[in-house]
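Trainee: These protein sequence lines map, in sequence, to chains A and B. In terms of this note's numbering, the first sequence opens at residue 1 and continues consecutively. In terms of this note's numbering, the second sequence opens at residue 1 and continues consecutively. Backbone N, C-alpha and C define an ideal beta-carbon position, used for all residues, glycine too. Values in this document were obtained by computation on a predicted structure and should not be read as measured data.
Number of protein chains: 2
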Amino acid sequence: MADISPDARAEIADAVRDALAEHGYERLTTAKIAEHYAKSEAGLYYYYDTKDEMIAAFLEHTAGQLGEELAAIDGGPEQQLRAACDHLFLSPDDEDAGVHVAIMELLSHAPHNETLREPLLGLESATLELFAGIVRQGVDSGVFRDVDPRASAAFLLAAADGSTGFHVALEMDVGADIERGWSGYIDSLLADDA
Amino acid sequence: MADISPDARAEIADAVRDALAEHGYERLTTAKIAEHYAKSEAGLYYYYDTKDEMIAAFLEHTAGQLGEELAAIDGGPEQQLRAACDHLFLSPDDEDAGVHVAIMELLSHAPHNETLREPLLGLESATLELFAGIVRQGVDSGVFRDVDPRASAAFLLAAADGSTGFHVALEMDVGADIERGWSGYIDSLLADDA
DNA sequence: TAAAACTTAGTGAGTGCTCACTCAGCAGAG
DNA sequence: CTCTGCTGAGTGAGCACTCACTAAGTTTTA
Numbered sequence: 001m002a003d004i005s006p007d008a009r010a011e012i013a014d015a016v017r018d019a020l021a022e023h024g025y026e027r028l029t030t031a032k033i034a035e036h037y038a039k040s041e042a043g044l045y046y047y048y049d050t051k052d053e054m055i056a057a058f059l060e061h062t063a064g065q066l067g068e069e070l071a072a073i074d075g076g077p078e079q080q081l082r083a084a085c086d087h088l089f090l091s092p093d094d095e096d097a098g099v100h101v102a103i104m105e106l107l108s109h110a111p112h113n114e115t116l117r118e119p120l121l122g123l124e125s126a127t128l129e130l131f132a133g134i135v136r137q138g139v140d141s142g143v144f145r146d147v148d149p150r151a152s153a154a155f156l157l158a159a160a161d162g163s164t165g166f167h168v169a170l171e172m173d174v175g176a177d178i179e180r181g182w183s184g185y186i187d188s189l190l191a192d193d194a
Numbered sequence: 001m002a003d004i005s006p007d008a009r010a011e012i013a014d015a016v017r018d019a020l021a022e023h024g025y026e027r028l029t030t031a032k033i034a035e036h037y038a039k040s041e042a043g044l045y046y047y048y049d050t051k052d053e054m055i056a057a058f059l060e061h062t063a064g065q066l067g068e069e070l071a072a073i074d075g076g077p078e079q080q081l082r083a084a085c086d087h088l089f090l091s092p093d094d095e096d097a098g099v100h101v102a103i104m105e106l107l108s109h110a111p112h113n114e115t116l117r118e119p120l121l122g123l124e125s126a127t128l129e130l131f132a133g134i135v136r137q138g139v140d141s142g143v144f145r146d147v148d149p150r151a152s153a154a155f156l157l158a159a160a161d162g163s164t165g166f167h168v169a170l171e172m173d174v175g176a177d178i179e180r181g182w183s184g185y186i187d188s189l190l191a192d193d194a
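1) Name the chain A residues whose beta carbon is nearer than 9 Å to that of Ala158 (chain B)?
2) Relative to chain A, which residues along the region 4 to 24 of chain B have a C-beta separation below 8 Å, given in chain order?
3) How long is the line joining the alpha carbons of Glu171 (chain A) and Arg136 (chain A), rounded to whole angstroms?
4) Mind checking who Phe144 (chain B) pairs with in its DSSP beta bridge?
5) Nearest chain A C-beta to Val139 (chain B) closer than 7 Å, yes or no?
6) Should Asp161 (chain B) be labelled buried (16 or more other beta-carbon atoms within 10 Å of its own) or exposed?
7) Distance, Cα to Cα, Asp140 (chain B) vs Tyr45 (chain B)?
8) Which of the three DSSP states, helix, strand or coil, is assigned to Phe155 (chain A)?
9) Considering only residues of the same chain and omitting the five flanking positions on each side of Ala56 (chain B), which have a CB-CB separation below 7 Å?
10) Which word fits Ser188 (chain B), buried or exposed, when buried means at least 16 other C-beta atoms lie within 10 angstroms of its C-beta?
11) Using a Cβ-Cβ cut-off of 7 Å, state whether Met54 (chain A) counts as contacting chain B.
12) Note down, in chain order, every chain A residue with its Cβ under 8 Å from the Cβ of Val147 (chain B).
13) Starting from the C-beta of Pro77 (chain B), find all residues in its chain whose C-beta is less than 6 Å away, skip the five residues before and the five after it, and write them out in chain order.
14) Just to check my reading of the structure: Pro111 (chain B) and Val101 (chain A) have Cβ atoms closer than 8 Å, yes? What is that Cβ distance to the nearest angstrom?
15) Candidates B:His109, B:Ala84 and B:Phe58: which alpha carbon is nearest Arg27 (chain A)'s?
16) Output yes or no for whether 7 Å exceeds the beta carbon distance between Asp96 (chain A) and Arg180 (chain B).
17) Return the chain-ordered list of same chain residues with a C-beta closer than 6 Å to the C-beta of Glu11 (chain B), the five sequence neighbours on each side being excluded.
18) Looking at the ligand MG, does it come within less than 6 Å of Leu170 (chain A), judged from the CB to the closest heavy atom?
19) Name, please, each residue of chain B whose Cβ falls closer than 9 Å to the Cβ of Val99 (chain A).
20) Pick helix, strand or coil for Glu171 (chain B), following the three-state DSSP scheme.
21) By the three-class DSSP mapping on this structure, what secondary structure does Pro92 (chain B) have?
22) When you compare the region 31 to 38 of chain B with the region 67 to 85 of chain B, are there three or more beta-carbon pairs, one atom per stretch, that lie closer than 8 Å?
23) Report buried or exposed for Gly165 (chain A), applying the criterion of at least 16 other Cβ atoms within 10 angstroms of its Cβ.
24) Please report the Cβ distance between Ile178 (chain B) and Ala158 (chain A), rounded to the nearest whole angstrom; I am assuming they are in contact, meaning their Cβ atoms lie under 8 Å.
25) When we look at the beta-carbon of Ala151 (chain A) and count the other beta-carbons within 10 Å, is it buried (16 or more) or exposed?
26) Could you give the distance in angstroms between the alpha-carbon of Ala153 (chain B) and the alpha-carbon of Ala153 (chain A)?
27) Which whole-angstrom value is the C-beta distance of Glu22 (chain B) and Thr30 (chain B), which I expect to be below 8 Å?
28) Return the Cβ separation of Leu59 (chain B) and Leu106 (chain B) in integer angstroms, given the expectation that the two are a contact with Cβ distance under 8 Å.
29) Measuring alpha carbon to alpha carbon, tell me which of B:Asp18, B:Lys32 and B:Tyr47 ends up nearest Ser5 (chain B).
30) Quick one: Cα of Leu88 (chain A) to Cα of Asp7 (chain B), how far?
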């Protein structure tokens, strides 16, 4: 209970991710997690006390990965921001679509579920900080207009989260529109000292 | 089954809405819907065959209401767009917060649930059209720059949907930031023929 | 050095509870 | 007598979680 080996942690996080991508949160059962796990269903309970704890473990694992991926982006503020958006605004045929929809499901359950709230808050806060940091750098270096970094970051991140909804979940044909939308927004952030 | 009286329709839609606001979709049961309904649980099944159909009825009801509310806004394109955003981007202490989170939950279940997909698509498409119409009018009348109306509308709507997530669901303290975000975005849409 | 005692990492077969949905029947209107 | 609208009392399936047990190490003891 106290300490779980990193291997077991990662194996279970992956099993939760695969099961979530396949079935979605609503239909996620411990039996389905076990189907993607080398050991048995009861074995999951050797490491975690509840299903929610397994999901929280998946979220923490994912937050770590996303943080690494976003931190690996380099270039000037404009390039960094475009690359980061490209990463977060995904297309319906993206292979990670299932995972993103699942995280959105989890988000929507946060008001009723304490166990999930904390890791989700961590995930979103970290991403927000990262975006705000890029914008702040852009403003300081004069690449961007004098906008409020937190406001721009929060707005972009909200749009990224929301696009998962009606774009991926509903398969509405607005992928190109949304991409022009955020791209145009970044254009509008650029300082116009031509 | 075939035709349900408008009264019964509305009563059940309201019961679903109240139960959703109170318990969220995950913990929504037909018994809880019945608690907010004047008749019995079994009575719900006199009108609808499945729980999902009751929820779909609620969504259709809500889509109608939202359409009316947004259509009632008047003023110039800038005022209309600001008022519409004010309506969709809500604060955590908004009394409708529960309903918005619930719709977000429903959205995230759409990939796995055919019954819900259609009414949700209708809800989102109608709102998107409405926003795009306002922006188009603004562009045509020269109030806004020559932006792509569908792109701007889709981007704004995505941001509105997403803000429900980390703002209302997580109670992250970014309400003011997001408002400055969309307000600044509308500023950037204005034609600058000062 | 070998047997005994203990620990770690699991497993298969439940168990009890919740919940969507059903059904036989009933009151009142026409 | 029949149709509409409705109900109380189930019922069966699904699911989170438990538990008695085991096989494979590791440590202790004589």
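Mentor: Considering the structure as presented:
1) Phe89, Ala158, Ala159, Ala160, Asp161, Gly162, Ser163, Thr164, Gly165, Phe166, His167, Val174, Ile178, Gly181 and Trp182
2) His23 and Gly24
3) 34 Å
4) B:Leu190
5) no
6) By the neighbour-count criterion, in which 16 or more other beta carbons inside 10 Å mark a residue as buried, Asp161 (chain B) falls on the buried side.
7) 50 Å
8) helix
9) Contacts found: Thr115, Leu116 and Pro119.
10) buried
11) no
12) Gly184
13) The answer, listed in chain order, is Ile134, Gln137, Gly138 and Val143.
14) In this structure Pro111 (chain B) touches Val101 (chain A) by the C-beta definition: roughly 6 Å separates them, less than 8 Å.
15) B:His109
16) Against a cut-off of 7 Å, the Cβ pair of Arg180 (chain B) and Asp96 (chain A) comes out as no contact.
17) none
18) As presented, the structure is devoid of all ligands, the ligand MG included, so that no description of it is given.
19) What Val99 (chain A) touches in chain B: nothing, since even the nearest Cβ is about 12 Å away.
20) coil
21) The answer is coil: DSSP assigns Pro92 (chain B) none of H, G, I, E or B.
22) Output reads no: the region 67 to 85 of chain B does not touch the region 31 to 38 of chain B.
23) buried
24) Contact holds; Cβ gap of about 6 Å.
25) buried
26) So the alpha carbons of these two residues sit roughly 19 Å apart.
27) About 14 Å separates the two Cβ atoms, so there is no contact after all.
28) 7 Å
29) B:Tyr47
30) 44 Å
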